[in-house]
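Residue numbers (the working numbering), protein chains in the order written: chain A, 20 to 215; chain B, 315 to 515; chain C, 384 to 698. Yeah, the Cβ is synthetic: ideal placement off N, Cα and C, and Gly gets one too. Here is the structure we will look at.
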């Protein structure tokens, strides 16, 4: 039951983009085409899930064992950086087109607040190893959902005559704002059933 | 000589304002701008980390191997972030709690890594320090501007002080998520408008 | 980036402005029964709300189009329609400025900022209503009983609070006529249906969306509701489902243009409406569900583009 709860909460109720403001840079930068957006979303999902697991281990078996919990920021970000390096190599091998399409945004997954964010949040929520990874996975799915929806809308907007001053980032933010408003409907969903 | 230093300092404030012109550091910009005070403190923290990391990276720029420079930058930045995190927790616990997860997230604030890569690794210490201060204060100013709209319209207060009359119907949405996106979008749009006008002039 | 310009969107590719005026004003006509019911039940203040919303919408569009140096199109009736729909979505006891603010938001941000008529991705009236609800939640839920204007709760709010005794819920017949608390235009299912049937007859709205939406709501409410088929009927007549399914979800700009897409869209609206009504924080889910489906509509459209003549599926 907690598994489902974390899933629903992560994707709809505490959506990383529309509620927690984590992962905004790639959300805005890679959402012009649906295929690229999905590709980025999947890459981020992998990184977030694995990072959740690895950082949990680091926290409990290294940081706390040696009494250096304040090294969390440094340790976690190094884990993430290494992981992204690895994913970069894999994508380059498996799908050069995706590698090209993601461009500079792929190494930038390291600086994606969503990745570091979820690893820190997992520790704060005191999840065990399994649920930490579930949370990483669910939050990433929320990101994937948000970025895919945004790409769908932006593809439609590509032919619109938006006023010059609003073109680009301003319009992206306004669109995201309207989407965030719609996502409000999910607040409190299943709250009687959810165990978090 | 003076001109170059002054220019570096003011660059980050207006011309290349990290939030308004470079559109970097967007995550905290949405999260901490629900109150001007939060924007102020985040600005201070970012300025401190940015300036210190710029200085240290500039000092070491001839020594850090190019291939692993990004991880090196990250470790340096992360160290300073850890310092401010602990200091905030000790001396300003309430604000530390309010800013929450966005304090450790300063380490992935694109502004800091971007300036390390594009400026500090290529310029001397004094210029790097000025760049750090300029960019940091520019970021702080931008945060506070956005926060001003959100706090006044959404809460009737500015820096915690009531500025609108009792009967003012505060628009709660302004201090919530959608309001954050909409405000930032409209402010960016307004600034684009001004910038476009200047270009045409 | 250039390849993007070659993406073929689902038809219609040509959106003719020539008949826009006719369409808009016919829809307005179809809303007259429900709007009149609103005035009958809630008094002159209801009329005032609608007039103010319409005026604000038209004025905003005029001013913006002048400022942006675009052709002024207020005569095409789309702003009038947006203003009317927004006005009809307000509780009569709400402050008079709320419709004005909502209209300004709807026209300037949800419509014109995106390029104007036909280019918005969200229904402006509904987005404005959601904004108003988020911004001023207290003022937006000041419901009163029809005719004698005593503060009351909507049937949905009563149901949400969990009062199991069906005796305290309004009679289904009352709900059908509109003799209940609610926003100005949403209470009379009868008046709305009359308008809806007229629009379907005039072929201005596709029957698929309201059918899918209302059908899903009825079926799901009957399954999950406490009272079987009665629950189904209750949820059809309560809240904004009628006005939403007939007049807002069918907005051809913000809904998919493919037939299959429209079925999916309608079912999706119904599904989310029930989810929020039964298991979410809000008593009413219509606004959110339509807005959410507005967001998904471009993707739905993409995946339901019918195969072009002669096209063979790649193996």
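- With a threshold of 8 Å between beta carbons, residue 520 (chain C) makes contact with chain B.
- Around the Cβ of residue 146 (chain A), a 10 Å sphere holds 16 or more other Cβ atoms; the residue is buried.
- Here residue 476 (chain B) is bridged, per DSSP, to B:471.
- C-alpha of residue 209 (chain A) to C-alpha of residue 676 (chain C): approximately 20 Å in a straight line.
- Around the beta-carbon of residue 22 (chain A), fewer than 16 other beta-carbon atoms lie within 10 Å, marking it exposed.
- In this structure, residue 346 (chain B) lies near residue 353 (chain B), with their beta-carbon atoms less than 8 Å apart.
- If you look at residue 412 (chain B), you'll find it in the alpha helix (DSSP H) that goes 407-413.
- Under the Cβ distance rule, residue 517 (chain C) counts among the residues neighbouring chain B, one pair being separated by less than 8 Å.
- Take residue 72 (chain A), set aside five residues on each side of it, and the residues of its chain with a beta-carbon closer than 8 Å to its own are 148, 151, 152 and 155, in chain order.
- When secondary structure is reduced to three states using DSSP, residue 527 (chain C) falls in the strand class.
- Excluding residues up to 5 positions away in sequence, 578, 581 and 582 lie with their Cβ nearer than 6 Å to the Cβ of residue 413 (chain C) in the same chain.
- Looking at B:465, B:442, B:483 and B:402, the one whose alpha-carbon comes closest to that of residue 475 (chain B) is B:465.
- At least one beta carbon of chain C lies nearer than 8 Å to the beta carbon of residue 181 (chain A).
- When DSSP states are grouped into helix, strand and coil, residue 354 (chain B) belongs to the helix group.
- Inter-segment contact for the segment 162-171 of chain A and the segment 465-481 of chain C is absent: fewer than three beta-carbon pairs are separated by less than 8 Å.
- Secondary structure of residue 88 (chain A) (DSSP, three-state): helix.
- In chain order, 29, 35 and 137 place their CB closer than 6 Å to the CB of residue 158 (chain A), counting only its own chain and leaving out the 5 sequence neighbours on each side.
- Leaving aside the five residues that flank residue 493 (chain C) on each side, the residues in its chain whose CB is nearer than 6 Å to its CB run, in chain order, 503, 505, 507 and 510.
- Per DSSP, the unbroken alpha helix (DSSP H) holding residue 432 (chain C) starts and ends at 427-450.
- A Cβ-Cβ distance of about 6 Å is found for the pair residue 496 (chain B) and residue 193 (chain A), placing them in contact under the 8 Å criterion.
- Check the Cα spacing between residue 483 (chain B) and each of B:469, B:395 and B:333: the tightest is with B:469.
- For residue 651 (chain C), the number of other beta carbons within 10 angstroms of its own is at least 16, and it is reported as buried.
- For residue 322 (chain B), the secondary structure class from DSSP, reduced to helix, strand or coil, is helix.
- Proximity to residue 584 (chain C) across C:403, C:410, C:404 and C:488 peaks at C:410, based on C-alpha coordinates.
- Residue 474 (chain C) places its beta carbon 8 Å or farther from that of residue 433 (chain C).
- For the segment 619-650 of chain C, no residue has a beta-carbon sitting nearer than 7 Å to a beta-carbon of chain B.
- Linking residue 478 (chain B) to residue 513 (chain C) through their CA atoms gives a straight-line distance of about 25 Å.
- Selection B:344, B:490 and B:461 evaluated against residue 350 (chain B) yields B:461 as nearest (Cα-Cα).
- With distances taken between CA atoms, residue 679 (chain C) lies nearest to A:172 out of A:172, A:190 and A:189.
- Put simply, the backbone Cα of residue 94 (chain A) is about 34 Å away from that of residue 52 (chain A).
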